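Read through the structure below, which is laid out as structure tokens, and then see the notes.
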Amino acid sequence: MAAITQPFDRSPSPVPPDPVMFGATRAMQVVRERVHKIAGANLPVLILGESGTGKDIIARMIHHLSAWSNGPWVKVNCPAIPGTLLESELFGYEKGAFTGAYANKPGRVELANRGTLFLDEISELDYSLQSKLLQVLQDGQFCRIGAQEDKKVEVRMVCATNRNLEREVEIGHFRQDLFYRINVVNIQMPPLRDRAADIPVMVQYFLRIYSERYNSRVHPLSPQLLTQLQRYHWPGNIRELENLMRRYAILGAEEAITSELLPRKQDLFYDDIQVDGPISLKKVTRQAVLELERKIILKVLQANHWNRKRAARALSISYRALLYKIRDVGLPAARGRGRADAHAPPPPPPPA
Ligand SMILES: Nc1ncnc2c1ncn2[C@@H]1O[C@H](COP(=O)(O)OP(=O)(O)OP(=O)(O)O)[C@@H](O)[C@H]1O
Ligand SMILES: [Mg+2]
4 MAAITQPFDR
14 SPSPVPPDPV
24 MFGATRAMQV
34 VRERVHKIAG
44 ANLPVLILGE
54 SGTGKDIIAR
64 MIHHLSAWSN
74 GPWVKVNCPA
84 IPGTLLESEL
94 FGYEKGAFTG
104 AYANKPGRVE
114 LANRGTLFLD
124 EISELDYSLQ
134 SKLLQVLQDG
144 QFCRIGAQED
154 KKVEVRMVCA
164 TNRNLEREVE
174 IGHFRQDLFY
184 RINVVNIQMP
194 PLRDRAADIP
204 VMVQYFLRIY
214 SERYNSRVHP
224 LSPQLLTQLQ
234 RYHWPGNIRE
244 LENLMRRYAI
254 LGAEEAITSE
264 LLPRKQDLFY
274 DDIQVDGPIS
284 LKKVTRQAVL
294 ELERKIILKV
304 LQANHWNRKR
314 AARALSISYR
324 ALLYKIRDVG
334 LPAARGRGRA
344 DAHAPPPPPP
354 PA
């Protein structure tokens, strides 16, 4: 069985200093209070929030503040491990359980004993694995694949998702009993657009980190740009801000940032229309439709971790039709590939 190392993070990196981490906005003070209140109690925690709002970092912080902070920190990025491997990665197996199982192997649940098991993107867990996880939460027991007996563990479970889990329960993708178990305490991470007052401190922090890392000397941002950043809607949240500051530390020019600030979605088509010459309504409308389709498909693909079958189902179109659309709107054929792949050979023609 192939070893998987990438989604298995066992050494939590340090978290930013408190004033950067929590800033001064009310929503983050609520997060800080909650983290400090619950970190010491061995209760499951569910961290919710848009992508890039700091869910990972809060999970690590909970581990640092927990009674088992010297114990293992085991992170599992659920969608990064193919479904068939996830069970053996999580629960381990006994020698001879299946072809290729040459020795006993503990799973990550077991490795997290007396430490923290962080299940990232928990909504991506298969229904059958959800039941096994429920058992761990209910009585601390689980069974390695191929084992005759259950084993016992003591783990602190922290889960995170950027999905609406209640909705996943409603549509039958997520077990209600597991939802109640993992949601004993939840922490809602605010989007960065609701933390405008915290942006200057974060900007300073990231600029210091990245100018040291790249050995560059950059001027502090102008007050005008800082105001612009505080008014921006931050679709990618803190990750987007961090990337912009990294770029500024390397390039040293404010234009490198302003050119990256995306317009709000509703402004996109309107601002693109040139009225200083003849307009083809048909052409403009077609372009707008394509652009909208591109955005919707991209969003759904991202939400489904680039699983195109699931994305097609979510969009209520056939798998083949989705492959065509992906090509037509100029999206890459799979996650992480460049746009050039959009010109890969087309899929077979869709049914008439
Ligand atoms: N409060 C913070 N102060 C400084 N940096 C932060 C803060 N929160 C997050 N970051 C940084 O922003 C980036 C994104 O954070 P993180 O990975 O925790 O987000 P996330 O919510 O887990 O995102 P995703 O849903 O995509 O997994 C990381 O590089 C992290 O170090
Ligand atoms: Mg994360």
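For the sequence shown, this note's numbering gives the first residue as 4, with consecutive numbering after it.
Just so you know, even glycine gets a beta-carbon here, dropped at the ideal spot from N, CA and C.
A quick note: this is a predicted structure, and the numbers were derived from the prediction, not measured.
Any heavy atom of ligand 2 within a distance shorter than 7 Å of the CB on residue i?
i, result
"A83", "no"
"A104", "no"
"A163", "yes"
"D331", "no"
"D201", "no"
"D123", "yes"
Output the distance between the C-alpha atoms of residue i and residue j, rounded to the nearest integer angstrom.
i, j, result
"Q227", "L264", "14 Å"
"K312", "P85", "14 Å"
"V187", "T288", "48 Å"
"P128", "I260", "Residue identity differs from the one stated: residue 128 is Leu in this sequence, not Pro. Looking at the two C-alpha atoms, the distance is approximately 37 Å."
"A5", "R178", "Any reading at A5 is ruled out, since the residue's pLDDT is 35, under 50, leaving its predicted position unreliable."
"P351", "A336", "Confidence at P351 is low in this model, with a pLDDT of 49, below 50, so its placement is unreliable and the value that follows should be read with caution. Taking the straight line from one Cα to the other gives about 14 Å."
"P82", "L120", "16 Å"
"P348", "R323", "The predicted position of P348 is uncertain, since its pLDDT is 41 and thus under 50; a value taken from the coordinates is nonetheless stated next. Approximately 14 Å between the Cα atoms of the pair."
"S131", "L89", "11 Å"
"R181", "D123", "It should be noted that the sequence gives Leu, not Arg, for residue 181. Roughly 15 Å between the two C-alpha positions."
"M24", "E294", "36 Å"
"E173", "Q207", "43 Å"
"L136", "R170", "20 Å"
"G55", "A199", "15 Å"
"C146", "T87", "16 Å"
"G103", "K78", "25 Å"
Quiz item: Where the beta carbon is closer than 6 Å to any heavy atom of ligand 1, which residues qualify, in chain order?
Solution: Environment of ligand 1, chain-ordered: P19, V23, M24, G52, S54, G55, T56, G57, K58, D59, I60, N165, M205, I241, R242 and E245, taking every residue with Cβ within less than 6 Å of a heavy atom.
Quiz item: Between the segment 218 to 226 and the segment 32 to 40, do at least 3 Cβ pairs fall closer than 8 Å?
Solution: The segment 218 to 226 makes no contact with the segment 32 to 40, as fewer than three CB pairs between them are under 8 Å.
Practice problem: Starting from the N-terminal side, write out each stretch of the alpha helix (DSSP H) that is 4 residues or longer and does not extend beyond the segment 278 to 322. | Solution: Taken in chain order, the complete alpha helix (DSSP H) segments of 4 residues or longer contained in the segment 278 to 322 are 284 to 306 and 311 to 317.
Quiz item: Counting pairs of Cβ atoms below 8 Å between the segment 154 to 166 and the segment 46 to 66, do you hit three or more?
Solution: Yes, since at least three Cβ pairs between the segment 154 to 166 and the segment 46 to 66 fall closer than 8 Å, the two stretches touch.
Exercise. Tell me the start and end of each unbroken alpha helix (DSSP H) in the segment 205 to 277 that is at least 4 residues and wholly inside, in chain order.
Key: Correct list: 226 to 234, 240 to 254, 258 to 261 and 271 to 275.
Practice problem: Quick one: which unbroken alpha helix (DSSP H) runs of 4-plus residues sit fully inside the segment 159 to 198? Chain order, please. | Solution: Qualifying alpha helix (DSSP H) stretches, in chain order: 168 to 173 and 179 to 185.
Exercise. Would you check if the segment 87 to 97 and the segment 55 to 69 touch, i.e. whether three or more CB-CB distances between them fall below 8 Å?
Key: With a cut-off of 8 Å, the segment 87 to 97 and the segment 55 to 69 do not count as touching, because too few Cβ pairs lie within range.
Practice problem: Count the C-beta pairs between the segment 136 to 145 and the segment 23 to 30 that are closer than 8 Å, then say yes if the count reaches three, no if not. | Solution: The segment 136 to 145 makes no contact with the segment 23 to 30, as fewer than three CB pairs between them are under 8 Å.
Quiz item: Touching or not, the segment 206 to 221 and the segment 146 to 154, by the rule of three or more beta carbon pairs under 8 Å?
Solution: No: the two stretches stay apart, fewer than three of their Cβ pairs being nearer than 8 Å.
Self-check item: the segment 280 to 287 contacting the segment 249 to 258, beta-carbon criterion three pairs below 8 Å
Solution: Flag = no, the segment 280 to 287 and the segment 249 to 258 do not touch.
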